[in-house]
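Residue numbers (this note's numbering): 1 to 249. Here the structure comes first, spelled out in structure tokens, and everything after it is commentary.
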């Protein structure tokens, strides 16, 4: 396996973490960055010129991490050449499936061969998709291996999220990558740095990923009580005050 990593700050050229000693062959190129930066004219074509035979996947974020550094308003790139393993890519747009998070995974799962499948990595738009339903839909349609990745972000704007596969990133797109081969070992982890805010409360009414009531009271009223004038900035301000909640059952 060979890896190249680079980043691009606003109004600057690409900077590679290490010297590019030799050309990667048919690499998987993962590109994450600020939505506005990814939408800039020429960005995709610049990446394609760096990796003309690469499979390029792009996704918007709420901040980018490369090595030990955290970036904002930037783009990060990781290009991977596999020597003993292989990968397949499947894509679908949830808007082509009436924004149905249960139906869209059928198309995604059908696009991957299941034999010798080792792991699946998801890069999904985050505006319309219910992440739990997406995972359930994949597992119900033959994806029985470990799954990692996640939903794309939009900084603190909550305007729209974009994903692209071998083209400029657009809204509604979901891409999954299937990794194959016994020689490939993939692990993942997650960590939440938030501290809970307020007493433990119970979700008494919800539908999918939509919250309606907490402790039998409208959730929005509770946020208004805690946030005061900051409630005008919802949903952005809710990130700063993560309530301590549990499901009813």
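C-beta atoms are modelled at their ideal positions from N, C-alpha and C, and glycine is treated no differently. Because the structure is a prediction, the values reported are computed rather than measured.
Candidates 55, 70, 27: closest to residue 9 by CA position: 70
Residue 139 - containing alpha helix (DSSP H), residue span: First-last of the alpha helix (DSSP H) with residue 139: 131 to 140.
Who are residue 70's beta bridge partners in DSSP? 65
Candidates 126, 104, 188, 128: closest to residue 141 by CA position: 104
Just the Cα atoms here: how many angstroms apart are residue 52 and residue 206? 46 Å
Same chain only: Cβ atoms within 6 Å of residue 119, ignoring 5 sequence neighbours per side: 145, 146, 179, 186
Considering only C-alpha positions, which residue in the set 76, 106, 50 is nearest to residue 61? 76
Please state the DSSP three-state secondary structure of residue 246. It is a strand residue.
Residue 196 - containing alpha helix (DSSP H), residue span: First-last for residue 196: undefined, no H or E at that position.
Let's see if you can read the secondary structure: which residues bound the alpha helix (DSSP H) around residue 45? Judged by DSSP secondary structure, residue 45 falls within the alpha helix (DSSP H) whose first and last residues are 43 to 50.
Host alpha helix (DSSP H) of residue 8 (start-end): Looking at the DSSP string, residue 8 is not in any alpha helix (DSSP H); the run it does join, the beta strand (DSSP E), is 2 to 8.
From residue 25 to residue 125, what does the alpha carbon distance come to, in whole angstroms? 28 Å
Checking the sheet assignment: what are the DSSP bridge partners for residue 90? Paired residue(s): 176.
Apply the 10 Å Cβ neighbour rule to residue 151 and answer buried if 16 or more other Cβ atoms are within range, or exposed otherwise. buried
Close Cβ partners of residue 169 (< 6 Å) along its chain, the five nearest in sequence each way excluded: 38, 58, 162, 163
State buried or exposed for residue 115, treating a residue as buried only when at least 16 other CB atoms are found within 10 Å of its CB. exposed
In its own chain, which residues sit with a C-beta less than 6 Å from the C-beta of residue 101, not counting the 5 before and 5 after it? 129, 130, 133, 134
Three-way DSSP call (helix, strand, coil) for residue 212 in this model: strand
Alpha carbon of residue 212 to alpha carbon of residue 220, nearest angstrom: 8 Å
If we count the other Cβ atoms within 10 Å of its Cβ and call it buried at 16 or more, is residue 182 buried or exposed? So residue 182 counts as exposed.
Determine the direct distance from the alpha carbon of residue 28 to that of residue 84, and round the result to whole angstroms. 14 Å
Skipping 5 residues on each side, what residues in its chain have a beta carbon closer than 6 Å to that of residue 172? Contacts found: 93, 94, 95, 125.
Coarse secondary structure for residue 233, derived from DSSP in three states: helix
Is the beta carbon of residue 107 closer than 8 Å to that of residue 30? no
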